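Residue numbers (the numbering used here): 50 to 182.
Glycine included, each C-beta is placed from N, C-alpha and C at the ideal position.
It should be emphasised that the depicted structure is a prediction, and the values quoted were computed from it without experimental measurement.
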Amino acid sequence: MSDIRKTKLFDMQKAEKYQEILATTKSILEDNPNDIYALLYAAAAYENLGNHNKAIEILKHVLSIDCMNIPAKLDLFDILYKLKNYEEAKPLLEEILCFDCDEVKNNMANYVLAKEQIDSYLQAKKEKELEFN
């Protein structure tokens, strides 16, 4: 993807022009369906428009192309955590906590708190399941 298109997408995201982002990324993805940059912008646009399932689908597609894509993992975790899908979010969080990048380091306290909440929720769920068995 050209630098001009990257700048255009960045500007549209800053201006919260999510429908325009989707139109632009659709055009890009018609030429290159695995353009990770376009896919990440499309996922963010869908998420901001409230279409969590489409955003999750796109982010999983990105990870099928590049399993170590940190932005995709961070975004996917954020959505799953927000939706309280802790079972799926936990393995991602465990990977994220091992990343050595500024975005993770700058938000480490939030990730540690999220891990505590997820662990607590999953433990309570497990105990409740044992009660009924």
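- Within the same chain, and ignoring the five residues on either side of Y67 in sequence, the residues whose Cβ sits closer than 7 Å to its Cβ are A94, N97 and L98.
- No Cβ-Cβ contact shorter than 8 Å links I119 with A138.
- Spanning the alpha carbons of A91 and L141 requires a straight line of approximately 21 Å.
- For K63, the secondary structure class from DSSP, reduced to helix, strand or coil, is helix.
- Contiguous alpha helix (DSSP H) elements confined to the segment 101–170 occur at 101–114, 119–131, 135–145 and 151–155, taking only those with 4 or more residues.
- The Cβ atoms of I145 and K122 lie closer than 8 Å to each other.
- According to the DSSP assignment, N97 belongs to the alpha helix (DSSP H) that extends over I85 to N97.
- Listed in chain order, the non-local C-beta contacts of I114 below 7 Å within the same chain comprise N83 and I85, local neighbours out to five positions each way being set aside.
- With respect to the 8 Å criterion, I105 and L78 are not classified as neighbours on the basis of their beta carbons.
- Under a 10 Å Cβ-count criterion, L162 is classified as exposed, with fewer than 16 other Cβ atoms of the shown protein chains found around its own Cβ.
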